[in-house]
Each structure stands twice: as structure tokens, then as C-alpha cells.
Amino acid sequence: MNNSPVFYQLPPELIAGIQTKIDSFNQGRTVQNGKYAISTATPYRPYYALWRLFSDNSTPLFIRTLAMTFDVAAERAFTLLQNCNVKVEIVDNSYFEAYYGLTDDLMPFGKYRGKRLAEIYYIDPSYVLWLANKFEVSTKRYERIVELAKQFSTVHFELTAQKRKISSVSRFVGQIGETLREQYLTVLNVRLQVDRYKPDFYVDQQVLAADRDGNRFTLLIKAKGKSMSPEILSCYTRKISIQEVLHLASAKIMSHYESRGVQYTRLGYVKLVNQK
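Note that UniProt numbering gives residue 211 to position 211 of the sequence shown, counting from 1, and the numbers run on in steps of one.
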């Protein structure tokens with residue numbers, strides 16, 4: 001596909017910043033079985049949308065609208081695809097224009113008759129999964145809708161099934177005991193956990209991150225004060241967000257371990273630059 005995206009009324013620095021986030025998000029992901037695409041907004045279609053493009057060059061599958069602004073649309077795509085090992089790219093909306101008028105995704109029977117399959121998947125994914133896996137086709141006119149339902153079934157698996165092995169390119173970094181300096185890591189996931197060695201609620205942040213080469217790191221950001229609840233951070237603690245780029249002034253390599261074929265480097269004594 002050679003379809004350079006055209007952005008309307010967006011400053012170049014915003015476009016470049018989001019493209020950098022997309023490039024970072026795609027580290028370790030693959031296009032072996034196709035990719036996801038964010039279609040650009042236009043004066044006539046003032047929203048960004050998510051599509052699934054399959055490797056067999058079949059008709060692009062419209063998934064859902066994302067947002068009317070590029071930055072919000074990208075963040076929503078990151079959230080939807082966080083467990084998915086398929087790459088996402090920006091594709092100009094002109095590539096999809098020929099597919100907006102198609103009616104083969106209109107449900108021809110049942111309680112959702114007349115609704116588009118993407119709309120049904122959004123409000124009732126279990127119905128689409130039933131259509132894909134259990135519905136028995138009795139007439140040829142239903143074959144296409146079942147075929148599309150099977151594609152949505154693939155999408156459903158990609159979006160909801162936790163994939164531990166997102167990247168096989170991750171390798172151990174450095175030697176145990178070595179101090180790393182001036183590292184930039186992109187946050188892939190954040191989990192709150194309570195420090196069990198303290199009597200009050202000191203809520204730490206367990207972070208999974210990756211460098212530019214796709215190497216995976218785990219690190220703990222310690223609480224700066226106690227919280228009122230084990231589900232919230234202290235007001236003194238810096239909140240770490242998914243897709244944030246952390247600048248580590250220094251960190252010590254504590255251990256190496258492997259899980260489900262992915263190699264991880266565990267860091268300790270982490271010092272962040274400009275930590276609040």
C-alpha cells in the first residue's frame with residue numbers, strides 16, 4: 001500500500017510527536033497477518049477511525065470510530081490494541097472511500113436486522129461471535145455476513161486475549177549488577193501494587209517498558225507517600241502512564257528472567273529525570 005496520509009489543519013510538530021508514539025508502540029509487533037489502520041479525518045468525514053487490513057488483501061474491515069482529534073484517536077487505538085501483537089499505521093482516508101458505500105455488512109436477519117456488523121460488534125460482541133462460530137448457513141445470501149463475522153472474531157481475539165509474547169526480539173540487556181545510564185523507555189503497562197512491608201497503604205507502580213530495540217524491562221516506581229486506599233496513588237507520587245517515555249538517569253540491573261519465550265531485564269534503584 002502506497003498511501004501517504006494527508007492531515008488537515010494539524011501542526012507538523014503534533015503529527016511528528018504522535019508518529020513517534022506510534023513507532024514506539026509498534027516495536028516488537030508484526031504485519032505478518034496484516035495490520036490495523038487509523039484512517040485520517042477529512043473535511044467531509046471529520047473523525048479518525050480504526051480498520052483491520054488483512055494480509056490476503058480482502059476488503060478492509062471497519063472496526064469503529066475513534067475520535068475527532070488525532071491525539072485522542074491515537075491514544076484510544078493504543079488502549080484497544082495494547083494486548084495485540086499486530087502493528088498499527090496511519091492510512092489516508094482516500095484509501096477507504098470505496099468501501100464506505102458497501103452494504104454487504106448489513107445484518108439480513110434477526111434482532112439486529114438492518115444494522116451494520118461493526119455497530120453490532122460494538123454493542124453486542126457475543127452475538128457476532130455466535131454468528132461466526134455457531135450459526136449454520138442455510139442459504140448462500142448469508143455466507144458473506146458470516147465471513148465478515150469470522151473476521152470480527154479474529155479481531156475480538158486480537159483485542160481481548162492477553163498475549164504475553166508480544167515481541168520475540170526482546171533480549172537481556174547488560175550484566176547483573178551493572179548500572180545503566182541515560183536510558184529512554186516507553187511504558188507498555190502499569191500495575192499498582194501495595195508495599196506489603198509497610199503498615200499503611202503505600203502504593204507502588206510496577207512498570208513494563210521497552211527500549212527502541214524492543215527489549216523488555218520491568219521496574220518498580222516506589223510511592224512517595226501513603227494513600228487513602230490501595231487502589232489510588234499518593235498525591236506525592238508521580239503517575240506513570242502507558243505510552244509515556246521515561247528518561248532514566250540511572251538504574252541498576254537486578255536480574256534477568258524469561259517468561260513465555262520473552263526475555264526481561266529487571267531494574268532497581270531507578271532514578272528518573274524530572275521526577276515530580
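The beta-carbon is built from N, C-alpha and C at its ideal position, and this holds for glycine as well.
Closest option to A37, judged by alpha-carbon separation, among Y44, T20 and R64: R64. Per DSSP, the beta bridge partners of L272 are L248. Within a 10 Å sphere around the beta-carbon of I176 sit fewer than 16 other beta-carbons, which makes this residue exposed.
By alpha-carbon distance to S55, the top candidate from I253, V86, M228 and L188 is V86. Cα atoms of L185 and V207: separation of roughly 10 Å, rounded to the nearest angstrom. Inter-segment contact for the region 21–38 and the region 90–99 is present: three or more beta-carbon pairs are separated by less than 8 Å. Scanning the region 133–177 for uninterrupted alpha helix (DSSP H) segments of 4 residues or longer gives 143–160, listed from N- to C-terminal end.
Beta-bridge annotation (DSSP): S259 is paired with V262. With a beta-carbon spacing of about 7 Å, D71 and L14 fall inside the 8 Å limit used to define contacts.
Assigned with DSSP and collapsed to three states, S24 falls in helix. Cβ-Cβ distances below 7 Å link R45 to N93 in the same chain, with the five nearest sequence neighbours on each side left out; the list follows chain order. Here Y36 carries a strand assignment [DSSP, helix/strand/coil].
Just measuring C-alpha positions, the residue of S4, A149 and Y202 sitting nearest S234 is Y202.
Using a Cβ-Cβ distance cut-off of 8 Å, the region 78–85 and the region 145–162 are in contact, since at least three pairs of beta carbons, one from each stretch, lie closer than that value. When the Cα atoms are used, A251 and Q9 turn out to be separated by approximately 41 Å. When the five nearest sequence neighbours on each side are left out, the beta carbons in the same chain lying within less than 8 Å of the beta carbon of Y99 are those of T59, P60 and F62, in order along the chain. With a threshold of 16 other beta carbon atoms within 10 Å, S4 falls short and is exposed. Here D204 carries a strand assignment [DSSP, helix/strand/coil]. Nearest neighbour of V173 by Cα position, chosen from Q205, D200, S153 and R212, turns out to be R212. Residue burial is scored here from C-beta neighbours: Q193 has fewer than 16 other C-beta atoms within 10 angstroms and is therefore classed as exposed. By the neighbour-count criterion, in which a residue is buried when 16 or more other Cβ atoms sit within 10 angstroms of its Cβ, S227 is buried.
Excluding sequence positions up to five before and after L102, its CB lies within less than 8 Å of the CB of T59, all in the same chain and listed in chain order.
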